[in-house]
Amino acid sequence: MCTVLCTLIPMNHGNVMKYQKSFSMLNGISAQFKRFQSLKKKHKMHTEACLVGGYSYPPLFSVAPMMDWTDNHFRTLARLISRHAWLYTEMIVAETIVHQKDNLDRFLLFSQEQHPIVLQIGGSNLENLAKAAEHANSYSYDEINLNCGCPSGKVAGHGCFGARLMFNPKLVGDAMAAISANSSVPVSVKCRIGVDNRDSYNELCDFIYTVASRSPTKHFIIHARKALLNGLSPAENRKVPPLKYEYYFALQRDFPELQFTLNGGITCIHQVDSAIKEGASGVMVGRAAYNNPWYVLGHVDRVIYGVLSKSHSRRQILKKYQGYADSVIGRYGSNRPNIRQLVKPLLNLFHSEPGNGQWKRIADTALRHCKTMKSFLAETLAALPDSVLDSTLGNTPSNLEVPPFTDLNSLQPPPYRSNA
Ligand SMILES: Cc1cc2nc3c(=O)[nH]c(=O)nc-3n(C[C@H](O)[C@H](O)[C@H](O)COP(=O)(O)O)c2cc1C
Numbered sequence: 001m002c003t004v005l006c007t008l009i010p011m012n013h014g015n016v017m018k019y020q021k022s023f024s025m026l027n028g029i030s031a032q033f034k035r036f037q038s039l040k041k042k043h044k045m046h047t048e049a050c051l052v053g054g055y056s057y058p059p060l061f062s063v064a065p066m067m068d069w070t071d072n073h074f075r076t077l078a079r080l081i082s083r084h085a086w087l088y089t090e091m092i093v094a095e096t097i098v099h100q101k102d103n104l105d106r107f108l109l110f111s112q113e114q115h116p117i118v119l120q121i122g123g124s125n126l127e128n129l130a131k132a133a134e135h136a137n138s139y140s141y142d143e144i145n146l147n148c149g150c151p152s153g154k155v156a157g158h159g160c161f162g163a164r165l166m167f168n169p170k171l172v173g174d175a176m177a178a179i180s181a182n183s184s185v186p187v188s189v190k191c192r193i194g195v196d197n198r199d200s201y202n203e204l205c206d207f208i209y210t211v212a213s214r215s216p217t218k219h220f221i222i223h224a225r226k227a228l229l230n231g232l233s234p235a236e237n238r239k240v241p242p243l244k245y246e247y248y249f250a251l252q253r254d255f256p257e258l259q260f261t262l263n264g265g266i267t268c269i270h271q272v273d274s275a276i277k278e279g280a281s282g283v284m285v286g287r288a289a290y291n292n293p294w295y296v297l298g299h300v301d302r303v304i305y306g307v308l309s310k311s312h313s314r315r316q317i318l319k320k321y322q323g324y325a326d327s328v329i330g331r332y333g334s335n336r337p338n339i340r341q342l343v344k345p346l347l348n349l350f351h352s353e354p355g356n357g358q359w360k361r362i363a364d365t366a367l368r369h370c371k372t373m374k375s376f377l378a379e380t381l382a383a384l385p386d387s388v389l390d391s392t393l394g395n396t397p398s399n400l401e402v403p404p405f406t407d408l409n410s411l412q413p414p415p416y417r418s419n420a
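Quick note: the sequence shown uses the UniProt record's numbering, first residue 1, plus one each step.
Here is the structure:
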């Protein structure tokens, strides 16, 4: 089986360490490998798909990096709901990692249960990106991702990174080469389909081509709308520019040796499933996963990964989360993290359920005096009916929305013609 795995896994120098470790755990891998083979069949997965750290790669389903949202606390909750979703961290700026090198746990530490997990970094200074990757390496993330999609003034304005990096594909290629050289895991880029008036399909392809040919980057996450650097807020930049899923599918057509993950505007598990059935190598969901974690993440293992795992109720999940929360309160100083930060990811757990409004009102009051998660939950959960707290997720909810991934072929731009 080693031979088969070797043929599937691209053996750049970075992966070797990881696979040596993995090979010593062949028994565990054997089950994962079998599941990977059946996933490949089920989803007609790209021939380049492989196993990384025992997980099928690139991710079939991932939770997007979201500043102030996908922190350690939300990721802990997300992992309690889905065993298989890949979790991206919020962006951490390379300079923060470099300047806080004596305090790295605060930014980079995560619990082993959070695997598979990806660190997203931001920046444009090659030396700092390389150092950040080196510091992050000992934390054993499963992939390092570079943010080339954030349009906020702080980042893409005077910060000169995020979406602004799409103007300079050679720099991104060199940055990815520097990150990869200092990391033992695969590297990826998350980008838009264009920025400002640099928004033609050919310009997007030039970006991908240049980055992939100057670095070992094989995985790109495509947020399928362009970014406007002047005049739109970050929130508007996530809804005003139109989604062009056809560009994503055209990239898959024109760069068959690369892997692309589709991101942007996906609101439910049906759409994820539909995109994968249409041939997407993977789908990343941001806001929907955060705003309705129970229904979006709760169906991932069964619908996307085909795993029939034991279902848990929200009461059981909260009990486990309580253990986590009360063990980390105050770990980094008297109020860091505090109960409010630990409760934040829970606030959408009962989205649209009976009792949700009342529970949130009681939670607001409880947060003024509760010092532990145990006391917070004891004081607030009575507002929710037992039927909500103790139910498990049944079959996939029916959904009347039409999935948006059919009939895109006719919209696809003509094949890429490289100017290189
Ligand atoms: C609150 C918030 C913070 C975000 N922070 C980041 C970030 O740190 N890095 C990044 O690449 N994208 C960030 N994004 C963009 C998301 O990763 C994602 O690309 C975008 O929300 C579109 O996906 P969706 O429609 O599934 O939400 C953020 C989005 C939101 C809503």
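All residues carry an ideal CB built from backbone N, CA and C; glycine is no exception.
(request) Spatial neighbours of residue 139 within its chain, please: CB distance less than 6 Å, with the 5 preceding and 5 following residues excluded, ordered by chain position. (result) 108
(request) Take the Cβ of residue 310 as the centre, count every other Cβ of all protein chains shown within 10 Å, and call the residue buried at 16 or more, exposed below. (result) exposed
(message) Can you confirm whether the region 334 to 341 touches the region 366 to 376 when touching is taken to mean that 3 or more C-beta pairs between the two stretches lie within less than 8 Å?
(response) yes
(request) Less than 8 Å between the CB atoms is what I'm expecting for residue 143 and residue 211, so what's the real figure, rounded? (result) No, residue 143 and residue 211 are not in contact; Cβ-Cβ is about 15 Å, not under 8 Å.
(request) Select from 266, 234, 251 and 117 the residue whose C-alpha is nearest the C-alpha of residue 156. (result) 234
(message) Does the distance between the C-beta of residue 266 and the nearest non-hydrogen atom of ligand 1 fall short of 8 Å?
(response) yes
(message) Rounded to the nearest angstrom, what separates residue 135 and residue 97 at their Cα positions?
(response) 7 Å
(message) Excluding the 5 residues flanking residue 73 on each side, which residues of the same chain have their C-beta closer than 6 Å to its C-beta?
(response) 342 and 345
(request) Drop a sphere of 10 angstroms on the beta-carbon of residue 414, count the other beta-carbons inside from all chains shown, and report buried for 16 or more, exposed for fewer. (result) exposed
(message) Taking a contact to mean a Cβ-Cβ separation below 9 Å, would you say residue 320 touches residue 80 in this structure?
(response) yes
(request) Could you check what DSSP says for residue 373 in three-state terms: helix, strand or coil? (result) helix
(message) Just checking residue 53 against ligand 1 - is the residue's beta carbon closer than 8 Å to any of the ligand's heavy atoms?
(response) no
(request) Could you tell me which residues DSSP pairs with residue 49 in its beta bridges? (result) None, per the DSSP bridge assignment.
(message) Along the chain, where does the alpha helix (DSSP H) containing residue 72 start, and where does it finish?
(response) 72 to 81
(request) Kindly indicate which three-state DSSP category residue 190 falls into: helix, strand or coil? (result) strand
(message) Taking the beta carbon of residue 256 as the centre, do at least 16 other beta carbons fall within 10 Å, making it buried, or is it exposed?
(response) exposed
(message) For a test of your reading of the model: does the CB of residue 69 fall under 8 Å from any non-hydrogen atom of ligand 1? Yes or no.
(response) yes
(message) With the cut-off set at 9 Å, would you say residue 219 and residue 65 are in Cβ contact?
(response) no
(message) If the criterion is Cβ atoms closer than 9 Å, does the pair residue 381 and residue 359 meet it?
(response) yes
(request) Tell me whether residue 110 sits in a helix, a strand or coil according to DSSP, three-state version. (result) coil
(message) Is it buried or exposed, residue 357, if we count other Cβ atoms within 10 angstroms and call 16 or more buried?
(response) exposed
(request) Sort 206, 180, 169 and 226 by Cα distance to residue 196 and report the nearest one. (result) 226
(message) In whole angstroms, give me the CA-to-CA distance for residue 261 and residue 62.
(response) 9 Å
(request) Using only alpha-carbon positions, find the residue among 294, 104 and 323 that is nearest to residue 313. (result) 294
(request) From the DSSP output, read off the bridge partner residues of residue 120. (result) 145
(request) With DSSP as the reference, label residue 137 as helix, strand or coil. (result) helix
(message) For a test of the three-state rule: what should DSSP assign to residue 340, helix, strand or coil?
(response) helix
(request) Could you check the C-alpha separation between residue 200 and residue 217 for me, to the nearest Å? (result) 22 Å
(message) Rounded to whole angstroms, what is the Cα-Cα separation between residue 334 and residue 328?
(response) 11 Å
(message) Does residue 224 come out as helix, strand or coil in the three-state DSSP assignment?
(response) coil
(message) If the criterion is Cβ atoms closer than 9 Å, does the pair residue 390 and residue 315 meet it?
(response) yes
(message) Rounded to the nearest angstrom, what separates residue 23 and residue 296 at their Cα positions?
(response) At residue 23 the pLDDT is 37, less than 50, meaning the model places this residue with poor confidence; the figure from the coordinates comes in the next sentence. Approximately 33 Å, taken between the alpha carbons.
(request) Would you decide whether residue 83 is buried or exposed? Buried here means 16 or more other CB atoms lie within 10 Å of its CB. (result) exposed
(request) Report yes if the C-beta distance between residue 215 and residue 165 is below 9 Å; otherwise report no. (result) no
(message) Only counting the same chain, and skipping five residues up and downstream in sequence, which positions put a Cβ closer than 7 Å to that of residue 240?
(response) 232
(request) Please find out if some non-hydrogen atom of ligand 1 comes closer than 8 Å to the beta-carbon of residue 371. (result) no
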